[in-house]
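There are 2 protein chains.
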Amino acid sequence: MRTAYHEELARFHDRLGDLAGLAEGAIRQATQAVLDNDIDAARKLSAEEETISRLHRLLDADAVTLIARQQPVASELRTIVAGLRMSGDLDRMGALARHIAEIVQRRHPRAVVPEPLRALVAEMGETAQRMAAMARAAMASRDPAAAAELDRQDNEMDRLETTLAQRVIECTPPVEPATAMDLALIGRFYERFGDHAVALAARVAYLVGPVQEDLTV
Amino acid sequence: MRTAYHEELARFHDRLGDLAGLAEGAIRQATQAVLDNDIDAARKLSAEEETISRLHRLLDADAVTLIARQQPVASELRTIVAGLRMSGDLDRMGALARHIAEIVQRRHPRAVVPEPLRALVAEMGETAQRMAAMARAAMASRDPAAAAELDRQDNEMDRLETTLAQRVIECTPPVEPATAMDLALIGRFYERFGDHAVALAARVAYLVGPVQEDLTV
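Rendered as structure tokens:
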């Protein structure tokens, strides 16, 4: 019975790893779509996000079934509840990547990013993808040290969002209001994507840290 | 033992109700801050959101303690896990209200909303507050019918966000890029606030609905 349970627990963690890989791939594709005005990549991403959502719902079901059937001990319960939260973060990361792709679809055939801001948006995309990769690695290796590094990356992401807003405001000739709105949202979506990567690493650090009585996640 | 447990469960639900009341109050204050360019209301809201976050963390701790100590039966587990999700929704609603207030603080003393768009933003604020009130009432009365009505309100909110974007684009003379960016974000924050109210009502409907084997929330 406990062996079957541990197999289920292992499958739960495997699925979580798969989900992290998908979120990382999604933000890479979203950045490609927005920089290259690649409508096919944008459309493909909208379809792929369905896969992420489905996996998220499966993980939710897995977690609750594990708790209900197996009466896990405290440390296992802690892992499962943290896993539920991680699954929620990864689902949102997929949705944020899709939101970026949707802006590309809405504005097509016009490009979303004016040429002078292209390098900055590319840097936000690279930072987001790097943060997702780091969070995924931290989840796989249970490395609590990743949380501090992800905090630093997140400060960098916040700085990039502020810089993007500043550059949009300073553009001459002024950018059109529609472009300004798109860029505000794209900056926001990357920044939120980064926040969720930080949350993932913090949950890993929490899991690896000393066991606390209240199991707060 | 079970009596103490049911008292804890009742306290958990009371706290969830308090949290819903705070989220509703927060969006009302945020709308006042943005429409009246009321810097004091904006600052006050930033402080109050701390209370929401603290209550959210308490609820998380309560939920996990309830599960760990009491080995709840399936229907109770379902309620507690749904409560965890609801607490997460309400915490985000508080954060979204704060984000609106932060834009007011950032642009002060300049007003964020140009006069011709004031009525539209007021309507978004009223819709958001109404949705929060409906979600709170549905949680208190366990009314599964609220989910359908909140879906309708959410369609209205989506329409308002699209209209706001359209009106920003069509303004003559054109709005400044900074104003366009602020309004894109404000529209987005109201729309996301509405999404979470919908999620709350859907979780109530799920809880009241027929018990399912997998307990998916």
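One line per chain: the protein sequences are G and C, in this order.
Going by my numbering, the first residue of the first sequence is number 796, and it counts up by one from there.
Going by my numbering, the first residue of the second sequence is number 796, and it counts up by one from there.
Beta carbons are placed, not taken as given, at the ideal position from N, Cα and C, and that holds for glycine.
Chain-order list of residues whose beta-carbon lies under 8 Å from that of residue i (same chain, five-residue window excluded)
i      : result
C/M952 : M919, T922, A923, M926, Y985, E986, G989
C/A858 : F807, I875, V876, G878, L879, S882
G/D809 : none
C/L830 : V908, R913, V916, A917, G920
G/D886 : L814, I847, S848, H851
C/L817 : E843, T846, I847, L850, L885, G889
C-alpha gap between residue i and residue j, whole angstroms
i       : j      : result
G/H851  : C/L879 : 16 Å
C/V1012 : C/Q961 : Residue confidence for C/V1012 is low, a pLDDT of 39 falling below 50, so the modelled location carries little weight and cannot support an answer.
G/T798  : C/I862 : 22 Å
C/A942  : C/H991 : 12 Å
G/V908  : G/T974 : 8 Å
C/R998  : C/G812 : 14 Å
C/K839  : G/T860 : 43 Å
G/S848  : C/D835 : 41 Å
C/E944  : G/H903 : 34 Å
C/Q1007 : G/P972 : In this prediction, C/Q1007 has a pLDDT of 44, which is less than 50 and means its spatial position is unreliable; nothing more can be read from the coordinates.
C/Q948  : C/E819 : 15 Å
G/A805  : C/E897 : 43 Å
C/R937  : C/R823 : 24 Å
C/P939  : C/R905 : 44 Å
C/P867  : C/E802 : 13 Å
G/L980  : C/A979 : 7 Å
G/S841  : C/R954 : 21 Å
C/Y800  : G/Q865 : 20 Å
C/P911  : C/E871 : 51 Å
C/E844  : C/H894 : 10 Å
G/P969  : C/D946 : 38 Å
C/A828  : G/A869 : 45 Å
C/N950  : G/A856 : 28 Å
G/N832  : C/V963 : 24 Å
C/T967  : G/C966 : 20 Å
C/A892  : C/A821 : 6 Å
G/A928  : G/R873 : 24 Å
G/V993  : C/V993 : 26 Å
Per-residue DSSP class, three states only, for residue i
i       : result
C/T974  : helix
G/D949  : helix
C/R954  : helix
C/V876  : helix
G/R810  : helix
C/R931  : helix
G/V908  : coil
G/R913  : helix
C/R983  : helix
C/T922  : helix
G/T798  : helix
C/R962  : helix
C/D938  : coil
C/L1002 : helix
G/E819  : helix
G/A992  : helix
Cut-off 6 Å between Cβ atoms - residues of its own chain near residue i, not counting five sequence neighbours on either side
i      : result
G/G982 : E956, L959
G/L995 : M881, D884, A930
C/Q900 : A837
G/A933 : A941, A996, V999
G/T826 : G920
Contacts around residue i, its chain only, beta-carbon distance under 7 Å, and the 5 residues preceding and following it disregarded
i       : result
G/A935  : G812
C/M976  : none
C/L853  : R810
G/V1003 : R937, P939
Worksheet entry | Interface residues of the segment 833–864 of chain C facing chain G [CB-CB below 8 Å] | R852, D855, A856, V859, T860, I862, A863
Discussion item. Tell me which residues of the segment 866–879 of chain G have at least one Cβ-Cβ distance to chain C shorter than 7 Å, keeping chain order.
Written reply: Q866, A869, L872, V876
Item to complete: Taking only beta carbons into account, state which residues of the segment 939–970 of chain G come closer than 8 Å to chain C, listed in chain order.
Response: A960, V963, I964, C966, P969, V970
Practice prompt. For the segment 978–993 of chain C, enumerate the residues whose C-beta is nearer than 9 Å to any C-beta of chain G, in chain order.
Written response: L978, A979, L980, G982, R983
Practice prompt. Write down every uninterrupted run of the alpha helix (DSSP H) in the segment 826–904 of chain G whose length is 4 residues or greater and which is fully enclosed by it, in chain order.
Written response: 834–865, 869–902
Worksheet entry | Members of the segment 908–920 of chain C near chain G, C-beta cut-off 9 Å | none
Worksheet item: Looking at chain C, which residues of the segment 880–892 of chain G have a Cβ within less than 8 Å of any of its Cβ atoms?
Response: G883
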